[in-house]
Each structure stands twice: as C-alpha cells, then as structure tokens.
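Residue numbers (my numbering), protein chains in the order written: chain G, 92 to 387; chain E, 92 to 387.
We put the CB at the ideal spot given by N, CA and C, even for glycine.
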C-alpha cells in the first residue's frame, strides 16, 4: 500500500503536528493529545460485554442517567444470564441490527421494572442540566448539546438521547408498550432520529461495533433473518462489574466539559487541515461522537 | 417468526391502509401507492453496473447534472473496462467502502477531462434551479431541498450533492487534486457532510448496497485491508447503456415535484402511524432518501 492510496481520503484524520508544540489540527489529533484530566472512567456497572459466535466481543455502555428503568432491567437480565443462548435475528441495511429471544417464549426473570413512554425522555422542568451546547441547527430538536458524556437533544421541558450510529435502543410492541429491555437493537446507518422519543435509548456500543455492522443483511421483512438464514448466536452477555477484576475491560470517555472536548467539537465543525479546502462551519449531533478509549 | 417479534420495531413501515381509499399513513405506503405519473425513468447512460466477487451486482446512478466532468471520466473509464480486475481495498466502519486500483499503476485511458475543486458544486448565481424545498434546519447548509431527483444543499451562490448513506464520491490526493473518478467510495454510516464541497459527489448506489456495507472492515489505517486481508475483486463495471438491451436493468426515481413526493416528505418528517407516538416535526436531508424502484 503506497502513501498516495492511503492519502486519497482523509489522510489528515491521522495527521500529527510537525512540532509537538503545535495545537492539533484535527479532531483525532485533539483526542490523541488530550491530557488525562480530560478523561473520565466509565463505571464497570455501566459496561455490558456481549460475546457472539466466534468469540467476538461487543462492549455496550449503558446510560442510567437517561433511561434508569430500562437500564435496571437490562442489568437484571444480564445478571440472570438471560441473553445467553439467544441470537441476533435482524439486520436491516442502513437501519438496525436487533437481538433477543427469537422464540419469544423465554421467561423473564422476576422483578423487572414496569416501563412506559414517559421513560423516553428526561424531564428538565425542575432540573438544571450541565450542558455543553452544540450551537448548530438540528432538524429534530430546538437545541442539542452534550451532558455527562452523552449527546442530547432538548426542548424546553425534556432532554433525550438521540438515535445515532451505534446507539442502542429497546425494541417494543405497539404503544403504550415501552419494552422491557430484553429486545435490543443498534443503529447501523444514517441516524433514524424519527425514533427519538418514540423508543427508549439505553446506551451505545463503544467497542466491537464492526462485528455487528458487517453482519449479512436479513432478506425477510424488515431485515429479519429467514429460516434459511443464520441467526447469530449470543454466547453470553455480562455486566463488567459481574466479571472477575482481571477480565473486566476498562474504558474512559472524554469529559464533555473539558477544553479538549471544546477543541474537538470546534474542529469537527471546521475541518481545515491539509485535506479540507472548505470548513463546513457546523456539525450534526450524531457526527461528533464523544471520544471513548481503552484506559491506558 | 411470530407476528409480535416482527412488530417489535417499525412494523408500521410496511403497514397498508385498511381501506384502499384511505390515504397512506406511512412513507412506504405513499411509495407503494404512487401513480405511474410520479415516477421517472433513469437513463441507461446514468447507470453503472458493478459486479464483484461471487457475482454480486451493485448498481450506481450517476449525477451528470451535478458533476459533469467527473461523470464523463467515469463513463470513459467504464467503457475502457478500466475497473475490471481492480478491487475493493478499504472498508472503514461508519465511514466508507472504497474501490479502485490497489497497485496505483494501472494506466488511465486517454481523453479524461481535467477536474478541479470548482467541480464540487454547481454555481447557481445565473441559474434558476427547480427546487422542492426541505423546510427543516440543517447543520451544514443554509438551505436544502431536492432537484431533479437528487437531494441538494445550497447557499446563495451554489448547490451541491450531500454525502448521504450510499452516495458515491471520488477519492483524491491533497488539494488542488480533485480526483479523476477512478478511485471511488460510498458512505456506509452517518452522513460525513464535512466532506461536502471538499470532494466530488458523483452519484448513489440504488441497488446492491448491502453487498458493500456488510463487507468485513479493514484493520489497517483508515480501514484499508492489510496484506493479510482479502481485497474484494471487481469482476466488471459497465454502463447499462453499453449492455445488450436484454441485460440492462431498468430503474425509476420518484419525481421530486410530484404530489407523491410531497406526501412522502411530509410523512418522513411526521411519523404518526400506529408505531409512533410523537412525530419529530422535521427530517434530515439524508434521512429522506428519494425513492427508487425497479421499473415495474
């Protein structure tokens, strides 16, 4: 592979400054040079480790601050080993990968919380959130920004997680059913923001996403695998906090209140390194993913 | 597969009205019921048929009205059978699949047009476009809409094609190089609109997208396949107009000036069928793909 081919598209993404004292010119440069103070540990009880056929590992970060009842159910289901032996049953191109119990007969563990459409957004009428604003227009919400490591869309009374690439939501039946959390999906295409506030968003995939996004698409209605196609077995799904310490993965997210994140956002919206002629002057909420890394 | 599982997410996408006289309640319903007058044939000289390993067929619709010089080159390259024996060399998750000559030594056919960054957008200073406006906010452009079957972003002086899912762009070296059209990529994730006006967009994939989007991701820098990974052979790439009539596929796109398209846009922005509780009241330019179908 020659330099030219590698350079063809977005070589500048991985460019580093000529002198260490230069401020980073790219979002990736900002992430690479961010000081340790710009990073926050993600708690082990917020990490789900899903292992699928072939031993491939997918790590999901839960968002208990936004979807507390669904997240409580998901933790209970993981602790009951409920997903072990279930499967990935649906892969619809430019939309979602969905997993759960294809038989729809597996009993639920006791003690799950009831859920309702009220759980799809956080009321902010009597609550002040520390928001890092994203000062660009959005087709789906009056304002957007970042809160506690997460992108949020907001109106005057509520804040909610958007359906961005890699975000995880809860399958449900027709309203007022809001899903238990047992049937999950993740977004593998353009952000289907029309689902925001119509479905619970409970987290995001922070490692192993390509093991889901590259699965064969299903040829049935809505991308469900047909009986002739291969449902992908889920071998296990565990909370990191339930694993022995030596087996736990450790991740950090960038502090959205840090100067590094401000630099990152500014450069995501204004690419002007060697590759770019014309900075956009804006960036979509789903096109400025909060940086996450393995703890060094 | 029971009804309930299929219903879990977006069952309403395929719902049909109870009575034929009911207006369609979903975008898919509008498309299914659109009269023949709402559809326009796509010219055979705008269709590229790419056949990859395993005989999988991908169909690309070219956009000569927006990128005439790059499209002329792409047609010349196809007519020279230039891509036959080249390969897909890069698959970067949530970004692009890229194909072309991995050796970077294959000679170009004679007569290609020179290209420049001026080719990335259409000047509209002295030109009136027939625009179907999309009246929702966009983070990247002052206005957006649809022109001649294509989504467009606009400012006061120019109109350009956005980098939406499945859209095809031209790889290039550092500016002022604008690429010949020989190195192509398509978007497989959240629309990377920061590339708009920094790269030529020349078309979109209208059939066979999942044969690209489900490819294994490359583990090299920027998703390039490493020497240990499998570059996917391109068996042939032809203009439909160069195929015998019996082998040509025939596609239609929805007329963006038709009442059907207006209904489609309204429902994409305001989902309020059985599945949805809360219409978004807006839709992103890349989340309202112009309907395309095989000619019935």
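Within its own chain, the residues whose Cβ lies closer than 6 Å to the Cβ of residue 271 of chain E, once the five positions on either side in sequence are excluded, are 164, 203, listed in chain order. Cβ neighbours of residue 167 of chain G within its own chain (closer than 7 Å, five residues either side excluded): 200, 202, 203. Sequence-distant partners of residue 222 of chain E (beyond 5 residues in either direction) whose C-beta falls short of 6 Å from its own C-beta, in its chain, are 236, 238. Note on residue 319 of chain G: under 16 other CB atoms within 10 angstroms of its CB, so exposed under the neighbour-count rule. Taking the Cα of residue 121 of chain E as reference, the smallest distance to any Cα among E/144, E/382, E/299 is reached at E/382. Cα atoms of residue 368 of chain E and residue 267 of chain G: separation of roughly 9 Å, rounded to the nearest angstrom. At a cut-off of 8 Å between beta-carbon atoms, residue 384 of chain E makes no contact with chain G. In this structure, residue 328 of chain G keeps its C-beta atom at 8 Å or more from the C-beta atom of residue 192 of chain G. Non-local beta-carbon contacts of residue 317 of chain E in its own chain, meaning distances under 6 Å to residues more than five positions away in sequence, involve 310, 311 in chain order.
Inclusion of residue 290 of chain E and residue 277 of chain E in the CB contact set at 8 Å is not warranted, their separation being larger than that value. In this chain, residue 381 of chain E is not harboured by any alpha helix (DSSP H), its DSSP state being neither H nor E. Closest by C-alpha distance to residue 188 of chain G, out of G/323, G/364, G/357, G/359, is G/323.
Within the region 133-167 of chain G, no residue has a Cβ lying closer than 7 Å to any Cβ of chain E.
A Cβ-Cβ separation of about 23 Å leaves residue 129 of chain E out of contact with residue 300 of chain E under the 8 Å criterion. As summarised for the region 319-375 of chain E, the continuous beta strand (DSSP E) elements at least 3 residues long and confined to that stretch are 323-330, 342-345, given in chain order.
Per DSSP, reduced to three states, the secondary structure at residue 164 of chain E is helical. Within the region 345-373 of chain E, the residues whose Cβ lies closer than 7 Å to any Cβ of chain G are, in chain order, 362, 365, 366, 367, 368, 369, 371, 373. A direct Cα-to-Cα measurement between residue 302 of chain E and residue 182 of chain E gives close to 12 Å.
In this structure the region 132-139 of chain G does not touch the region 359-373 of chain G; the number of beta carbon pairs closer than 8 Å is below three. For residue 208 of chain G, the closest Cβ of chain E is nearer than 8 Å. Between residue 259 of chain E and residue 151 of chain E a beta carbon distance of about 6 Å is seen, short of the 8 Å cut, so the two are scored as contacting. For the pair residue 348 of chain E and residue 376 of chain E, the Cα-to-Cα distance works out to about 16 Å.
Comparing alpha-carbon positions, the option among G/253, G/224, G/340 lying closest to residue 285 of chain G turns out to be G/253. Per DSSP, the unbroken alpha helix (DSSP H) holding residue 124 of chain E starts and ends at 118-124. Counting the other Cβ atoms within 10 Å of the Cβ of residue 335 of chain G gives fewer than 16, which makes it exposed. Using a Cβ-Cβ cut-off of 9 Å, residue 217 of chain E is close to nothing in chain G; its nearest Cβ partner there is about 21 Å away. Annotation: the continuous alpha helix (DSSP H) that includes residue 301 of chain G extends over 300-304. Per DSSP, the unbroken beta strand (DSSP E) holding residue 147 of chain G starts and ends at 147-153. Taking the C-beta atoms as reference points, residue 184 of chain G is found no nearer than 8 Å to residue 244 of chain G.
Flagged as an interface residue toward chain E: residue 285 of chain G, by a C-beta distance shorter than 8 Å.
No Cβ of chain G is located within less than 8 Å of the beta carbon of residue 258 of chain E.
Residue 288 of chain E reaches chain G at 368, 369, 371, counting residues in chain order whose Cβ is nearer than 9 Å. Taking residue 281 of chain E as the centre and dropping the five residues before and after it, the same chain places the C-beta of 185 closer than 7 Å to its C-beta, in chain order. Residue 282 of chain E reaches chain G at 281, 282, 375, 377, 378, counting residues in chain order whose Cβ is nearer than 9 Å. For residue 190 of chain G, the enclosing beta strand (DSSP E) starts and ends at 187-191. Measuring C-alpha to C-alpha distances from residue 212 of chain E to each of E/197, E/179, E/206, E/250 identifies E/250 as the nearest.
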